[in-house]
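Visitor: Provided herewith is a single structure, encoded as C-alpha cells, for subsequent inquiry.
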Amino acid sequence: MKAVANVEIYRPWRGTARLGRLRWWQLARANIKTAGKRKLPLFLLLAPLGIATVIFAFVVYTRFALEAGETPAALGSAHGATSALRTTLMAGAAHQMIQVRGMMIAFNIATNIFSLLLMAWFGSGLIAEDRRLGAHLLYFARPITKLDYLLAKLCTVTFYGALGALLPGLLICLVATFASPEWSFLTDESDVIFRTIAFGCLWTLLISSLVLCASSLASRRTFALIGVFAWILMTGALSGILAQAHGNQDLRAISPLFASTRIGASLFGIEDGAPPWSLSWSWISVCATIAICWIVIAWRVRKLEVVA
Amino acid sequence: MSALVEARSLGRFYGDVVGLSDVTLELEPGIVGLLGPNGAGKSTFLKLLVGELAPSRGTIRVLGHEPFTNRRLFARLGFCPQQDALYDTMTGLEFVTFLLQLGGFSARDARARAQKSLERVDMGDAMRRKTRGYSKGMRQRTKIAQAIAHEPELVVLDEPMGGLDPVGRRDVGALLHELSRAGTSIVVSSHVLHEVEMLTQEIVLLHRGRLLAQGSISDVRALLSSHPRKVAIHARDPRRLARELIDIGGVTSVRLDGDDGLLLETTDLERLQSELPRIASVARAGIRSLDTPDAGLEAVFDYLVETSG
C-alpha cells in the first residue's frame, strides 16, 4: 500500500501490559457507585426498611430487656412490689410471645417487597442500559472477560439486595445478641443468625438472577423492570389458579416468591403455620428458576457484541 | 516495518447474515480510513480488529497477535465505539478514570492519565461535569479521550465524527492528525466520504461485507481504468475545442456545459492530458481551467459500489 498522506512516524509501544487483579470488582464498584447516585429512589426504598428494622429491633430488645427484669423506658417506668410482679409477668409473656426466630420470618416477609424493589430498581438497567449505550464495547476492549462482566453485575445487584434482605436481619440479630442477658441469644439461638444469612442469600440470589435475566433480555431498563414484576405477578397468579383448579397446594410452588416463603419457613424451623405447599417442590422451583435465569443471562451476554 | 493489521480471508457471519466475507488486507502505520455505506461491515471489521468478535473464517492479526480475547494486546489498542457508551450519572473524568482502572491502572495513575487525556481533547473545563449535560461533540471527545488515555499504539475509531457540527468535525480531525504526528496509528471508519478524505488518502472500501478496494485514493481511482473519467474544461471557445478533442483516442463523449464549459469523458486520461496543450494551442480555445471532478473519493466510491452491484 503506497502511503500518501500517512505520517510515517511509528511509535512502537514500550509500555507494560497490565491485567490488574479483581477486574470484576473495579467494574462492580463503579456500577454500585453509579447506581447509588440516584439518591431519591435509594432513600425512598431504604427508608421503609430502616423503619421496619428499628421497630423489629426494638421489639427484640424489649423482649430481652423484660427477660432481664428491666422495663424499657418507652414502656413506662415501674416502682415497688406491684411493678416487680408486673415486670415478671411481662417478661414471661414476652418470652412466650416474642420469639426471635418467628420475628425474623415475619420481618423477612414484611420487608421482602422492599428488597425486591431495591434489586429490581437498581439492577434492571445493569445489562439493558449497557447494551443500549454500547458501554459493554468499552469494557470488552479492555482485559475484562464475560465472566468478569457477569460477576460485576451480580455483585452490584446483590449489594443492593444485601442492603435490603441481609443487613436489616443481621442488625436485628446484633441487637438481640447485645440485648440478651448473658449472651443467651448467642448460646441458645445462634442458629437464627445463620438461618437469617442463608435465607437472605437465597432470596438475594433468586431475585438478582430474575432481575439480571430480565435486564439481559430487555432493550431498556424500564422494560426489564416491567418484566421482573410481570414475571412475579404472573407466576403468582398462575400458581394460585392451578392450585385452586387442581386442588393441589403444591402447585403454589410454581411461583418462586411463594416457594421462597415456604423455604424461609422451613429454614427458621417454623412448621406450624408454614405454607401448605411441599418444601421439596419449593426447592426445585427456586433452583430451576435460578438455573434457567443464568442460562439465559450467559446466552445473552455471549451475544452482547453482536446485538450492539 | 511489518503491517499493523493483517487479515487473511477474514469472514464473520451472524447466523445467515454475512457481516464480513473473505477480506484480505494489510494496514500499515498512519491513518487509514475505513469506508462504506451503512451495513457494509465496517463495525464488524473494527470489532474483529479490537478482539471483541471472533472470526467465523480466516484470520486477523493485529500488531502481530490474534486479537480475540487477547487481553495483553488490549493494552496496546484504544477503541472508540460508535455508540454513546457514557453513563449519564458519571462525570467525564470519573468515566475515563474508571475505564483506565478496568485496564489495570491504579486509582491515582488512572486519574492522572484521565485528566491529561481529557485536557488533550479540550475537555479540561467540562471534565468534572456530569456527562448528561454534554453536547454530542463533548461526548465524542470524551470517548476519544478514553481511547487514547493509556497511550495505545493503535487507536480504532468507529464513526468518530457522527453527529458533530462542522467545528466539532474540524477539531476531531485536528486531534487525529496530532495523534498521528505523535506516532499513533489510527483506523477510522466513516460513511461520510469527505470526512475521511480530510484525514487521510489511505482508504479501505467495504461494501456488503466485502472488500471493494484498498490503497490511496488516487491508486484506487487508477484501478478503474475501464470506467470513463470525466474532465471539465472551461475555455473561451469551447465549441472549437470540442471539435478537436473528439478525435483523440479514448475520448468517448464530449458535451457543452453552459457558455464556456465543456464536459468530456475519456478512458485514457493520460493521453488526453498529454495532447491537450497542443490541441488548445492549435484551436486557440483559450483554456481557463481544467478539472477532473470524479477523482474525489465520493466519485470513486460511487463507481465501485455501482460496479459491485
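As you go down the protein sequences, you meet chains A and B in turn.
The first sequence begins at 1 in this note's numbering and counts up by one.
The second sequence begins at 1001 in this note's numbering and counts up by one.
Just so it is clear, CB atoms sit at the ideal spot from N, CA and C, and this is done for glycine as well.
1) Does Ser1253 (chain B) pass the burial test, meaning 16 or more other C-beta atoms within 10 Å, or should it be called exposed?
2) With a threshold of 8 Å, are at least 3 pairs of Cβ atoms found where one atom belongs to the region 1110-1120 of chain B and the other to the region 1144-1151 of chain B?
3) How many angstroms separate the CA atom of Leu1102 (chain B) from the CA atom of Leu1263 (chain B)?
4) Return the CA-CA distance between Ile144 (chain A) and Arg21 (chain A), expressed in angstroms with no decimal places.
5) Leaving out five residues on either side along the sequence, give the residues of the same chain with a beta carbon under 7 Å from the beta carbon of Ala1149 (chain B).
6) Give me, in chain order, the residues of the same chain whose beta-carbon lies closer than 6 Å to that of Val307 (chain A); leave out the 5 immediate sequence neighbours on both sides.
7) Which residues in the same chain as Leu118 (chain A) place their Cβ atom closer than 6 Å to its Cβ, once the five residues preceding and following it in sequence are excluded?
8) Under a Cβ-count criterion, where at least 16 other Cβ atoms within 10 Å of its own Cβ denotes burial, should Met234 (chain A) be classed as buried or exposed?
9) Could one say the Cβ of Gly1103 (chain B) lies closer than 8 Å to chain A's Cβ atoms, at least one of them?
10) Taking Met1090 (chain B) as the query, report the chain A residues whose CB atoms sit under 7 Å from its CB, ordered along the chain.
11) So, is Ala1182 (chain B) buried or exposed, given that buried needs 16 or more other C-beta atoms within 10 angstroms?
12) Residues in the same chain with beta-carbon distance under 7 Å from Phe1301 (chain B), minus the five sequence neighbours each way, listed in chain order, please.
13) Ordered along the chain, which non-local residues of its own chain (more than five positions away) have a Cβ less than 7 Å from that of Ala110 (chain A)?
14) Give a yes or no on whether 8 Å exceeds the smallest Cβ distance from Ile144 (chain A) to chain B.
15) How would you list, in chain order, the residues of chain B whose beta-carbon sits under 7 Å from the beta-carbon of Phe140 (chain A)?
16) Exposed or buried, Ser1021 (chain B), counting other C-beta atoms within 10 Å across all chains shown (16 or more means buried)?
17) Could you please tell me which residues of the region 108-133 of chain A, in chain order, have their CB closer than 7 Å to any CB of chain B?
18) With distances taken from CA atoms, which of B:Arg1239, B:Ala1283, B:Ser1281 and B:Lys1230 is nearest Asp1291 (chain B)?
19) In angstroms, rounded to a whole number, what distance separates the CA positions of Leu166 (chain A) and Trp283 (chain A)?
20) Under three-state DSSP, which class holds Leu1004 (chain B)?
21) What residues from the region 1258-1291 of chain B come within 8 Å of chain A, judged by C-beta to C-beta, listed N to C?
22) Tell me, please, whether the CB atom of Lys153 (chain A) is closer than 8 Å to any CB atom in chain B?
23) For Gly1058 (chain B) and Ser266 (chain A), what's the separation of their Cα atoms in angstroms?
24) Looking at C-alpha atoms only, which residue of B:Glu1270, B:Val1032, B:Gly1261 and B:Gln1273 is the closest neighbour of Arg1288 (chain B)?
25) If you run the structure through DSSP and keep just helix, strand and coil, what is Glu1244 (chain B)?
26) At least one CB of chain B closer than 8 Å to the CB of Leu137 (chain A): is that the case?
27) Name the chain A residues whose beta carbon is nearer than 8 Å to that of Ala1085 (chain B)?
28) Excluding the 5 residues flanking Ala1283 (chain B) on each side, which residues of the same chain have their C-beta closer than 8 Å to its C-beta?
29) Three or more C-beta pairs under 8 Å: does that hold for the region 167-174 of chain A against the region 186-204 of chain A?
30) Could you tell me whether the Cβ of Pro1081 (chain B) comes closer than 8 Å to any Cβ of chain A?
31) Just the Cα atoms here: how many angstroms apart are Val296 (chain A) and Leu210 (chain A)?
32) State the DSSP-derived secondary structure class of Gln1140 (chain B), mapped to helix, strand or coil.
33) In three-state terms, what does DSSP make of Val1172 (chain B)?
34) Measure how close the beta-carbons of Val192 (chain A) and Arg101 (chain A) come, nearest whole angstrom, since I'm counting them as under 8 Å.
35) Cβ of Arg1008 (chain B) less than 8 Å from any chain A Cβ?
36) Can you tell me whether DSSP reads Lys1329 (chain B) as helix, strand or coil?
Guide: The relevant details are as follows:
1) exposed
2) yes
3) Whole-angstrom Cα-Cα distance: 58 Å.
4) 11 Å
5) Val1096, Leu1100, Arg1113, Ala1114 and Ser1117
6) Summary for Val307 (chain A): the model assigns pLDDT 48, below 50, so the residue's position carries little reliability; its value from the coordinates is reported in the next sentence. There are no such residues.
7) Leu45, Tyr160 and Gly164
8) exposed
9) Output row for Gly1103 (chain B): interface = yes.
10) Thr34
11) exposed
12) Within the same chain, Phe1301 (chain B) has close Cβ partners Leu1035, Leu1193 and Leu1205.
13) Ala52
14) yes
15) The answer, in chain order, is Glu1052.
16) buried
17) Leu133
18) B:Lys1230
19) 20 Å
20) coil
21) none
22) no
23) 57 Å
24) B:Gly1261
25) DSSP places Glu1244 (chain B) in helix when its eight states are reduced to three.
26) yes
27) Leu133, Gly134, Ala135, Leu137 and Leu138
28) Asp1237, Arg1240, Leu1241, Arg1243 and Glu1244
29) yes
30) yes
31) Each residue's alpha carbon lies about 10 Å from the other.
32) helix
33) helix
34) 5 Å
35) Output row for Arg1008 (chain B): interface = no.
36) For chain B, the structure presents residues 1001 to 1309; residue 1329 (chain B) sits outside this window and is missing.
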